[in-house]
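The block underneath contains the structure these notes are about, expressed in structure tokens.
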Amino acid sequence: MRYWLVKSEPDEFSLDNLKELKKTSWEGVRNYQARNFMRDEMAVGDRVLFYHSRERPPGVVGVAEVASGPYADPSQFDVGSPYFDAKSRADAPRWVAVDLVYVRHLRNRVGLDRIKATEALQEMVLVKRPRLSVMPVSREHFELILEMSREVE
DNA sequence: GCCAACGTTGGC
DNA sequence: GCCAACGTTGGC
Numbered sequence: 001m002r003y004w005l006v007k008s009e010p011d012e013f014s015l016d017n018l019k020e021l022k023k024t025s026w027e028g029v030r031n032y033q034a035r036n037f038m039r040d041e042m043a044v045g046d047r048v049l050f051y052h053s054r055e056r057p058p059g060v061v062g063v064a065e066v067a068s069g070p071y072a073d074p075s076q077f078d079v080g081s082p083y084f085d086a087k088s089r090a091d092a093p094r095w096v097a098v099d100l101v102y103v104r105h106l107r108n109r110v111g112l113d114r115i116k117a118t119e120a121l122q123e124m125v126l127v128k129r130p131r132l133s134v135m136p137v138s139r140e141h142f143e144l145i146l147e148m149s150r151e152v153e
């Protein structure tokens, strides 16, 4: 089992939205590196840190789980979608989606400021590589974030 | 295949 | 809302 972190702008899709829906199709990823992680490495049962970006303060707010293998992201073929990609062909889809299911909210969010201030988390992709919206997380880092969420800041 | 221009992400 | 960092595009 692998561990991941996905970013979402809560104005667009929050962890509360996922809780209500229980399950969602994680569509709209339009970055090749993120796409490759989803396409090549994500598998059913993988655990996912759910991160709210563009919110003050940004941070990890909960846990989700991968509930499907990768499949062609339908929004790439939808002319009305902001994620429409005219260069993607039906017989060779460029972008993939996976299903995510809600697992839980963290008792306390783990803010980016705290992550950045934690020595053991300096190697997180989140810290080292800005602007990536789907990224792997090591088991150790995943568990440390969960531990931090149980403590009051 | 280089690289300038442009677009997007996301912290602040 | 600003803008730095980064990815993508396209002219040459």
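Residue numbers (full-length UniProt numbering): 1 to 153. Yeah, the Cβ is synthetic: ideal placement off N, Cα and C, and Gly gets one too. Model, not experiment: these values are computed from the prediction.
Note on D73: 16 or more other CB atoms within 10 angstroms of its CB, so buried under the neighbour-count rule. Residue pairing by DSSP places P130 opposite no residue, since no beta bridge is assigned to it. In the structure shown, A120 falls within a helical segment according to DSSP collapsed to helix, strand and coil.
A direct Cα-to-Cα measurement between P58 and G28 gives close to 20 Å. Close CB contacts of E41 within its chain, under the 8 Å cut and outside five residues either way in sequence, are with R2 and P136 (chain order).
Secondary structure at S14: coil, using DSSP grouped into helix, strand and coil.
For M42, the secondary structure class from DSSP, reduced to helix, strand or coil, is coil.
Exclusion of the five residues before and after V6 leaves V48 and V134 as the residues of its chain whose Cβ lies within less than 6 Å of its Cβ. In this structure, A43 and G80 do not form a Cβ contact; the two beta carbons are roughly 31 Å apart against a cut-off of 8 Å. Your pair V101 and E65 checks out as a contact, with CB atoms roughly 5 Å apart and the cut at 8 Å.
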